[in-house]
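Using my numbering, you'd call the opening residue of the sequence shown number 20 and step up by one each time. Encoded as structure tokens, the structure appears first; notes follow it.
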Amino acid sequence: MSRRRRIAVVFALLLVLAVPAPVAAVDRTTIDDPFSERSLTKVYPGADDFSEPSGQYRTVGAYRQVDGERQLAGYVFLTSNVVDVEGYGDEPIEFLVALDTNGTIRGVELVEQHEPFFDRTSAIQRLRRFSYQMVGMSVTQDVTLRDPDGNEHHVDALTGASVTTRASIETVTRSARIVAKEKGIVSESALDDGSTNETATNQSSERRMTLGDLGRGAPLARWDAGAPDATAGSNDSLTLYAAPIESDPVKRSLFADRAAGPPDANATVLWVGLNAPGSASRPERLRLHQWTRSYAPPVHETRIDGVDWSAALAIEGTLDTASPFVLDLTVGGERLSRTYGPGGLAVRRPVDAVAARTVPAWVGTVESAWQDNWLAAAALVVFLTGIVGIFTFRSRISRRTGWTTNRLRIGTLGVTLAFIGWYHPTQPTTQQIAILVRELVSWATAGGFRWALFFSAPLVAITFICIALVIPKWGRGVFCGWICPFGALSELLYKLTPWEYELPREYHVKLEKLRYPLFVAIVIGFVISTDFGATLAKVEPFKAAFYSSLVTDPVYIAWSALLVVSGAFMFRPYCRYVCPLGAGLALGNVLQREPIQRYDLCGDCVKCQSDCEFQAIEDDGSIDRFQCFQCSVCVDNYYDPEGCPVVLQYDNEHGFTVDAWRDPALIERIRPEDRTTEQQRLLAERAVTDGGETEPYAGSSDLVPDGTVVDMVRRETAGGDAPGSDASCGCSGSDASCGCSGTAWLDGGDGDA
Numbered sequence: 020m021s022r023r024r025r026i027a028v029v030f031a032l033l034l035v036l037a038v039p040a041p042v043a044a045v046d047r048t049t050i051d052d053p054f055s056e057r058s059l060t061k062v063y064p065g066a067d068d069f070s071e072p073s074g075q076y077r078t079v080g081a082y083r084q085v086d087g088e089r090q091l092a093g094y095v096f097l098t099s100n101v102v103d104v105e106g107y108g109d110e111p112i113e114f115l116v117a118l119d120t121n122g123t124i125r126g127v128e129l130v131e132q133h134e135p136f137f138d139r140t141s142a143i144q145r146l147r148r149f150s151y152q153m154v155g156m157s158v159t160q161d162v163t164l165r166d167p168d169g170n171e172h173h174v175d176a177l178t179g180a181s182v183t184t185r186a187s188i189e190t191v192t193r194s195a196r197i198v199a200k201e202k203g204i205v206s207e208s209a210l211d212d213g214s215t216n217e218t219a220t221n222q223s224s225e226r227r228m229t230l231g232d233l234g235r236g237a238p239l240a241r242w243d244a245g246a247p248d249a250t251a252g253s254n255d256s257l258t259l260y261a262a263p264i265e266s267d268p269v270k271r272s273l274f275a276d277r278a279a280g281p282p283d284a285n286a287t288v289l290w291v292g293l294n295a296p297g298s299a300s301r302p303e304r305l306r307l308h309q310w311t312r313s314y315a316p317p318v319h320e321t322r323i324d325g326v327d328w329s330a331a332l333a334i335e336g337t338l339d340t341a342s343p344f345v346l347d348l349t350v351g352g353e354r355l356s357r358t359y360g361p362g363g364l365a366v367r368r369p370v371d372a373v374a375a376r377t378v379p380a381w382v383g384t385v386e387s388a389w390q391d392n393w394l395a396a397a398a399l400v401v402f403l404t405g406i407v408g409i410f411t412f413r414s415r416i417s418r419r420t421g422w423t424t425n426r427l428r429i430g431t432l433g434v435t436l437a438f439i440g441w442y443h444p445t446q447p448t449t450q451q452i453a454i455l456v457r458e459l460v461s462w463a464t465a466g467g468f469r470w471a472l473f474f475s476a477p478l479v480a481i482t483f484i485c486i487a488l489v490i491p492k493w494g495r496g497v498f499c500g501w502i503c504p505f506g507a508l509s510e511l512l513y514k515l516t517p518w519e520y521e522l523p524r525e526y527h528v529k530l531e532k533l534r535y536p537l538f539v540a541i542v543i544g545f546v547i548s549t550d551f552g553a554t555l556a557k558v559e560p561f562k563a564a565f566y567s568s569l570v571t572d573p574v575y576i577a578w579s580a581l582l583v584v585s586g587a588f589m590f591r592p593y594c595r596y597v598c599p600l601g602a603g604l605a606l607g608n609v610l611q612r613e614p615i616q617r618y619d620l621c622g623d624c625v626k627c628q629s630d631c632e633f634q635a636i637e638d639d640g641s642i643d644r645f646q647c648f649q650c651s652v653c654v655d656n657y658y659d660p661e662g663c664p665v666v667l668q669y670d671n672e673h674g675f676t677v678d679a680w681r682d683p684a685l686i687e688r689i690r691p692e693d694r695t696t697e698q699q700r701l702l703a704e705r706a707v708t709d710g711g712e713t714e715p716y717a718g719s720s721d722l723v724p725d726g727t728v729v730d731m732v733r734r735e736t737a738g739g740d741a742p743g744s745d746a747s748c749g750c751s752g753s754d755a756s757c758g759c760s761g762t763a764w765l766d767g768g769d770g771d772a
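Structure representation (structure tokens):
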């Protein structure tokens, strides 16, 4: 078998190992019959008997025998019958939850999940053990991933699975609170102040509610404003009240005299009240605004003691009462606009009113994740800003300091590996790009886009934002060559080991294209099915390298170990030949607007080509932007007066300075397509100065018979002789034997300068 064929067979076997099992073999269901006696007894071991599922949420009554009497102990319910919180797998995580009559969670059992990388038995056990942490908490408590403060219940997050962590918490706690309110275990005010000593108050339609009743059952906001009908100097004022209503008994009381009865359970109910003198007590117009949406719900007037006028509004739509919204009324011919804040806060600042119209609801769902990671996020922003600063000033760094940017890159890789590799894992994956594509497809077809999926992991979100900002200017090499933790691990390991092996260039050119079909396959896989896409994404070794606690598949571990070990013998083989993430980002390089500058001699001089370990430089000296990792070796050579033949020649003729690249004599040597706007302007000014007849560059590069690279440059002005030439010899500048000073010869040695 030929060497080429052996290499192809080895890579084919590696890809087969990376995706070892068909998607159909993945069993995502852990409890086949959640309402079987066995399942119910497991989730509520203290109960002796159970009823049949009934009611709006299909709850099961749990009973125990006390002194021979059958007493209600609590309820068991399936979270999917109560809430629909999607996890990372685009489907809800389903739990069986037991709740006692005091509002305490007595049991949680995982029923079904579709989260990526939770498809192995041991990984599912980790998710199950995580859910057990919520047993014993009260429905009035908030869950925190930090140190608990006050009425909070602490849980330890799933490492490297922030979206799954928060989806699981929200699923269990929200469903438990809804069932607790529906069963009358706790009241609205109990959930608000963290006390379980109150039971839900059933308001009767025969008794008029008071403003105090609403204040105890809902977060009530109050605003005072001058009344339109008030005379100058009077003490009369208009007072506006608002409160979102979530208690079903209160809703029934407010809508008791409505022919259609209480609104649908999915409707948002808002109560609005006014106290005002004279004709101003009744608004002529009432609208609501939140983000980019406006609502004009039908007004159902109510009778509440303590206010002159009040109404209940049933809002069909997506009004989020946990986020600010604007009340817009016209009272007595005057317009009144006030902002309601979460928790009943009456917001008067214009900036908050704007926020109420513009801030999306998903921001609230990821806020705690950003609060938990604010310090690491700030450190990452500083780190990435430093890298962008290096790229912004790297030409100046190379020219003025003598530092090599590539050495700065090696130091940066060490920080990358330690900080966002091991200390706070922040490895972007193809899976996240694929899910973005899937969400865009969903948005285009169904109108929904789940931004929370991308912002629930703050450091990953910051990294992707940085990638999106730098690709149009410098390409994806900023991430792949400087920021990628796995790339840093592979390259540093290679530099610490004595072995060196490199594929022949013909094989390199063929294998580097392998990444692109892998990327396309993973993206299509996620659009078709999350499970299928997650299985294909196992070609990426990132989980094993930085999220080892999530990895249990021995084949995946072996594949990941093989990729890491191969990096000790070959320079970043995974990055150059397999990585689908790099392939996806490389497609964005079509937007790159700042190419690395090359000289006219770069096609003959092979110094940069031989120094570039990524093999991104073509035989003609041009740089393959899709293969470039921005290692900066060629940038350092470009400005090196001792290593670059062109700069060395310029030094011999004119004397090297840090401003040499503003000299038209050197600018002429830069390939026209690589010249900056400033350099083009300087050349144009020189042409005008020389009388408009200047031949900007006349020169050639030839190989003399012995194979030595020589470069012959001739700069002529319209007025005659080249600067510094000896006109008396009559040499046209093409005869090297005359030895005149009008022609500059550079012997490049054996061509490996």
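Every residue, glycine too, gets a C-beta built ideally from N, C-alpha and C.
Return the chain-ordered list of same chain residues with a C-beta closer than 6 Å to the C-beta of residue i, the five sequence neighbours on each side being excluded.
i    : result
A507 : L432, T435 and L436
D103 : P111
I264 : A237, K270, V288 and W290
L403 : C485
F13  : Within the shown structure, residues of the chain are numbered from 20 to 772, placing residue 13 beyond reach of any answer.
Q634 : H527
On a Cα-Cα basis, can you pick out the residue from the options that is closest to residue i?
i    : options                   : result
E681 : P263, T696, V198 and H443 : It is Arg, not Glu, that sits at residue 681 in the sequence shown. Of P263, T696, V198 and H443, the residue nearest in Cα terms is T696.
V479 : D550, W393 and S579       : W393
N285 : V101, Y593, R495 and G430 : V101
P683 : A295, T676 and L702       : L702
R428 : T420, R413 and Y442       : R413
E113 : C653, S99, R125 and T516  : S99
I689 : V707, C663 and P592       : C663
N656 : I416, L522, L515 and V558 : I416
G408 : Q390, A388 and W501       : W501
G106 : Y151, T549, L667 and C598 : T549
L581 : S509, P536 and P523       : S509
V385 : A315, F410, F474 and R148 : F474
P281 : A331, V130, Y596 and S641 : A331
Y566 : L273, P447, L515 and A262 : P447
P335 : N294, W328 and D283       : Checking the sequence shown, residue 335 turns out to be Glu, not Pro. Ranking the options by Cα distance to E335, first place goes to D283.
Can you round the beta-carbon distance between residue i and residue j to whole angstroms, since I take them to be within the 8 Å contact cut?
i    : j    : result
F96  : R83  : 18 Å between Cβ atoms; not a contact.
D693 : P614 : 6 Å
E128 : I188 : Incorrect: roughly 16 Å between the Cβ atoms, too far for contact.
S266 : K200 : 7 Å
T123 : G155 : 7 Å
C499 : C594 : 6 Å
V456 : V542 : 5 Å
Y513 : G586 : 6 Å
G325 : L177 : About 48 Å separates the two Cβ atoms, so there is no contact after all.
F675 : V665 : That belief does not hold up - the Cβ atoms of F675 and V665 are roughly 11 Å apart, past 8 Å.
Which residues in the same chain as residue i place their Cβ atom closer than 8 Å to its Cβ, once the five residues preceding and following it in sequence are excluded?
i    : result
E71  : V79
I686 : W680, R694, Q698, L701 and L702
E56  : F69
S356 : V345, L346, D347, L348 and A372
S58  : I50, D52, L115 and E128
Quick one: residues in its chain with C-beta nearer than 7 Å to the C-beta of residue i, no 5 flanking neighbours on either side, listed in chain order?
i    : result
S579 : P560, A563 and A564
L511 : L432, G433 and L436
A395 : H443 and L478
T349 : P302, E303 and R304
L338 : T287, L307, Q309, Y314 and F344
P41  : Bear in mind that a pLDDT of 38 at P41, under 50, signals an unreliable position, so the model cannot answer this.
Does the contact criterion of 3 or more C-beta pairs under 8 Å hold for the region 636-649 versus the region 588-608?
yes
Specify whether the region 87-106 and the region 157-171 touch according to this definition: at least 3 beta carbon pairs, one from each stretch, less than 8 Å apart.
no
Taking contact to mean 3 or more Cβ pairs, one atom from each stretch, closer than 8 Å, check whether the region 487-496 and the region 569-588 are in contact.
no
Would you list, in sequence order, the uninterrupted alpha helix (DSSP H) runs of no fewer than 4 residues that lie entirely inside the region 614-647?
626-630
Should the region 614-626 be regarded as contacting the region 453-466, the criterion being three or more beta carbon pairs within less than 8 Å?
no
I'd like the ranges of any alpha helix (DSSP H) spanning at least 4 consecutive residues and lying wholly in the region 432-485.
449-465 and 471-474
Any chance you could list the alpha helix (DSSP H) runs of at least 4 consecutive residues sitting entirely within the region 379-420, in chain order?
381-391, 393-411 and 413-419
Identify every run of the alpha helix (DSSP H) within the region 98-180, keeping only runs that are complete inside it and at least 4 residues long; order them along the chain.
140-151
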